[in-house]
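*Asks:* Pasting a structure here, questions to come.
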Amino acid sequence: MERNVLNYCRILPKVELHAHLSGSISEKTMIKLIKLKTDKNPDWQLSHADWQFHLKAVKGKSLEDVFLIFQLIQEISDSEEAAYVACKDVISEFAADNVKYLELRTTPRCIPKTGMTRRSYIESVLRAISECHSSDLGIEIRLLLAIDRRTSVKDAMEIVELAVEFMMKSGLVVGLDLSGDPTVNDASDFLPVLIKAKSAGLRLALHLAEVPDKAQETLPLLELPPDRLGHGTFLHKGDQSENMVGLVKKHKVPIEICVTSNLITSTVSKVEDLHFQYWYDRKHPVIICTDDKGVFSCSLSEEFALIAEAFKLSEQQLYDLSYDAIDYIFAGDDIKNKLQNEWKVFHSRHSPEFGDECLQSAPDAKSE
Ligand code: 6MZ
1 MERNVLNYCR ILPKVELHAH LSGSISEKTM IKLIKLKTDK NPDWQLSHAD WQFHLKAVKG
61 KSLEDVFLIF QLIQEISDSE EAAYVACKDV ISEFAADNVK YLELRTTPRC IPKTGMTRRS
121 YIESVLRAIS ECHSSDLGIE IRLLLAIDRR TSVKDAMEIV ELAVEFMMKS GLVVGLDLSG
181 DPTVNDASDF LPVLIKAKSA GLRLALHLAE VPDKAQETLP LLELPPDRLG HGTFLHKGDQ
241 SENMVGLVKK HKVPIEICVT SNLITSTVSK VEDLHFQYWY DRKHPVIICT DDKGVFSCSL
301 SEEFALIAEA FKLSEQQLYD LSYDAIDYIF AGDDIKNKLQ NEWKVFHSRH SPEFGDECLQ
361 SAPDAKSE
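For the sequence shown, UniProt numbering begins at 1 and goes up steadily by one.
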């Protein structure tokens with residue numbers, strides 16, 4: 001059997017730190033959710049086939065199309081039960097891909113027609129997480145609540161209050177994400193909200209410089225500083241790039257890089273053009289992530305393999321990338337230590353430049 005980088009990436013234990021719940025829902029789960037919705041709402045006009053047609057029509061064309069897909073997915077996951085089902089499936093799929101620690105992020109939604117409130121949405125997601133912890137999936141999960149940049153500052157403040165409450169109550173909510181269509185509104189409007197969140201003990205993972213020419217909103221947010229940064233594709237390019245790069249370096253803010261997401265939304269045209277090389281060469285912390293594995297039809301193993309092939313990384317370098325990401329999780333030191341030990345056991349069993357024998361016993365995530 002020929003040595004295959006993807007097989008190594010599959011058996012490698014991994015942490016996933018940038019995964020949006022709705023965007024991570026697989027097609028298999030979408031079918032389940034459509035059935036659930038149709039059973040509960042016989043008057044829901046969109047048939048399964050129609051819905052798939054809509055999904056395919058917008059799939060993978062541009063950033064704008066991707067944000068249309070999120071709306072379609074949110075339409076079929078608009079109840080507490082759907083949120084619970086979606087969350088359980090997403091977690092199981094990450095676990096099957098050898099993800100040992102997952103930080104999911106999601107925007108709490110309030111849907112009066114199904115009786116779902118932001119609070120009950122969060123409770124459904126947390127119920128799914130707790131049940132996965134009690135099962136034998138072998139994955140640790142934490143939750144970030146997301147603020148969609150289209151939302152009002154007032155609503156964003158309510159999400160922070162909920163995040164603080166659930167952080168205290170459950171210990172499973174560990175931070176806040178700022179996301180949404182990067183071309184709309186000014187993310188720095190949320191500065192007071194983010195300052196409040198940070199001072200209450202929430203960790204911040206902010207989408208910044210995902211598209212070009214965003215220095216004006218990015219610079220004040222980098223001063224916070226955030227604990228991690230999503231995408232950051234254009235930090236080192238264009239106007240004020242020196243200032244942005246300077247702040248990211250000064251505060252050592254780790255960068256979450258989502259390869260397939262960048263390709264499909266055309267923020268880069270090929271893997272080799274990713275900002276990975278820029279930051280990796282400077283020994284700045286980078287974390288490989290999926291972003292929206294359902295919408296982009298990818299897995300974390302495949303994202304690692306794309307990086308490995310494009311930047312000619314060895315198995316040892318892939319292992320180090322995965323191991324180093326543990327430093328940037330938002331869970332406590334007990335979890336970090338547990339994960340680091342698990343990685344070391346893997347390393348001792350599979351010396352990075354291992355032979356074909358080990359590969360033959362690699363679990364095939366695709367077959368799960
Ligand atoms: C910015 C993104 C995103 O919250 O309903 N989201 N925001 N850039 C991206 N890159 C492509 N991918 C996903 O998951 C869906 C929501 O996550 C954010 C968007 O706000 C989207 O509506 P939840 O679980």
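Using N, Cα and C, we set each Cβ at its ideal position, and we do this for glycine too.
Could you check where the alpha helix (DSSP H) with THR218 kicks off and where it finishes?
*Replies:* 215 to 222
*Asks:* Between LYS37, TYR280, LYS250, which lies nearest to ILE257 when the distance is taken from Cα to Cα?
*Replies:* TYR280
*Asks:* For the beta strand (DSSP E) holding GLY332, just list the boundary residues, first then last.
*Replies:* Note, GLY332: premise wrong, no beta strand (DSSP E); not H, not E.
*Asks:* Quick one: what does DSSP say SER322 is sitting in, helix, strand or coil?
*Replies:* helix
*Asks:* Sort SER269, CYS289, GLN74 by Cα distance to ILE255 and report the nearest one.
*Replies:* CYS289
*Asks:* Just grab the DSSP bridge partners of MET116 for me.
*Replies:* ILE111
*Asks:* Roughly how far, in whole angstroms, is the beta-carbon of ASP148 from the beta-carbon of SER188, given that I think they are within contact range, below 8 Å?
*Replies:* 15 Å between Cβ atoms; not a contact.
*Asks:* What are the boundary residues of the beta strand (DSSP E) that ILE255 is part of?
*Replies:* 255 to 258
*Asks:* What residue range does the beta strand (DSSP E) around VAL295 cover?
*Replies:* Here VAL295 belongs to no beta strand (DSSP E), and DSSP marks it neither H nor E.
*Asks:* Can you give, in chain order, each stretch of the alpha helix (DSSP H) that sits fully within the stretch 72 to 108 and has at least 4 residues?
*Replies:* Restricting attention to alpha helix (DSSP H) runs no shorter than 4 residues, the stretch 72 to 108 encloses them at 80 to 96, ordered along the chain.
*Asks:* Taking 6 Å as the limit, tell me which residues put their C-beta closer than that to any heavy atom of ligand 1, in chain order.
*Replies:* HIS20, LEU21, SER22, GLY23, VAL66, PHE70, GLN74, THR106, THR107, ALA146, ASP148, SER179, GLY180, PRO182, HIS207, GLU210, SER261, THR265, ASP291, ASP292
*Asks:* Check whether the Cβ atoms of SER266 and PHE296 lie closer than 9 Å to each other.
*Replies:* no
*Asks:* Can the beta-carbon of PRO226 be found closer than 9 Å to that of ILE159?
*Replies:* no
*Asks:* Under the criterion of a Cβ to heavy atom distance below 8 Å, does ALA163 qualify as lining ligand 3?
*Replies:* The model depicted lacks ligand 3 and carries ligand 1 instead.
*Asks:* Once you ignore the five residues that flank residue 374 on each side, which residues in its own chain have a CB closer than 6 Å to its CB?
*Replies:* Past the edges of the chain, shown from 1 to 368, lies residue 374, and the structure says nothing about it.
*Asks:* What are the boundary residues of the beta strand (DSSP E) that includes VAL286?
*Replies:* 286 to 289
*Asks:* I'd like to check one pair, LEU21 with LEU126: are the Cβ atoms closer than 9 Å?
*Replies:* No, these two residues do not count as a Cβ contact at 9 Å.
*Asks:* Write down the C-beta distance between VAL90 and ILE25 rounded to the nearest angstrom, noting that I regard them as a contact closer than 8 Å.
*Replies:* 6 Å
*Asks:* Pick from MET168, GLU27, ALA200, HIS207: whose alpha carbon is nearest that of PRO182?
*Replies:* HIS207
*Asks:* Rounded to a whole number of angstroms, what is the C-alpha to C-alpha distance between CYS87 and SER120?
*Replies:* Taking the straight line from one Cα to the other gives about 14 Å.
*Asks:* Does DSSP classify GLY238 as helix, strand or coil?
*Replies:* coil
*Asks:* In chain order, what residues of the same chain have a beta carbon less than 7 Å from the beta carbon of ASP292, not counting five sequence neighbours either side?
*Replies:* HIS20, GLY23, SER24, SER261
*Asks:* Which of the three DSSP states is assigned to ASP227 in this structure?
*Replies:* coil
*Asks:* Alpha carbon to alpha carbon, what distance is there between TRP44 and VAL345?
*Replies:* 51 Å
*Asks:* With SER301 as the anchor, note down where its alpha helix (DSSP H) starts and where it stops.
*Replies:* Here the alpha helix (DSSP H) through SER301 covers 300 to 311.
*Asks:* Let me confirm a value: ASP177 is counted as buried when at least 16 other C-beta atoms fall within 10 Å, else exposed. Which label applies?
*Replies:* buried
*Asks:* Under 8 Å Cβ to Cβ from ALA82, same chain only, skipping five residues before and after it: list those, please.
*Replies:* The residues are LEU33, LEU36, LYS37, ILE76.
*Asks:* Do ILE335 and TYR101 have their C-beta atoms within less than 9 Å of each other?
*Replies:* Contact: yes.
*Asks:* Enumerate in chain order the residues of its own chain whose CB-to-CB distance from GLN240 is below 6 Å, with the five nearest sequence positions on each side excluded.
*Replies:* ALA215
*Asks:* If you measure between the beta carbons of LYS252 and HIS284, is that distance less than 9 Å?
*Replies:* yes
*Asks:* Shortest alpha-carbon distance to PRO112 belongs to which of GLU272, SER130, HIS18, ASP78?
*Replies:* The shortest CA-to-CA distance from PRO112 to any of GLU272, SER130, HIS18, ASP78 is the one to ASP78.
*Asks:* Quick check on this structure: which residue in ARG282, LYS270, PHE276 has the alpha carbon closest to the alpha carbon of LYS250?
*Replies:* ARG282
*Asks:* Rank ILE141, PHE304, GLY232 by C-alpha distance to the C-alpha of GLN317 and give the top, closest one.
*Replies:* Restricting attention to ILE141, PHE304, GLY232, the CA atom closest to the CA of GLN317 is found in PHE304.
*Asks:* For the beta strand (DSSP E) that contains residue 373, what are its first and last residues?
*Replies:* Since the first residue shown for the chain is 1 and the last is 368, residue 373 is missing from the structure and cannot be characterised.
*Asks:* Span of the alpha helix (DSSP H) holding GLU272?
*Replies:* Segment: none, GLU272 is in no alpha helix (DSSP H) and carries neither H nor E.
*Asks:* Could you compute how far the alpha carbon of GLN340 sits from the alpha carbon of ILE329?
*Replies:* Their Cα atoms are separated by approximately 12 Å.
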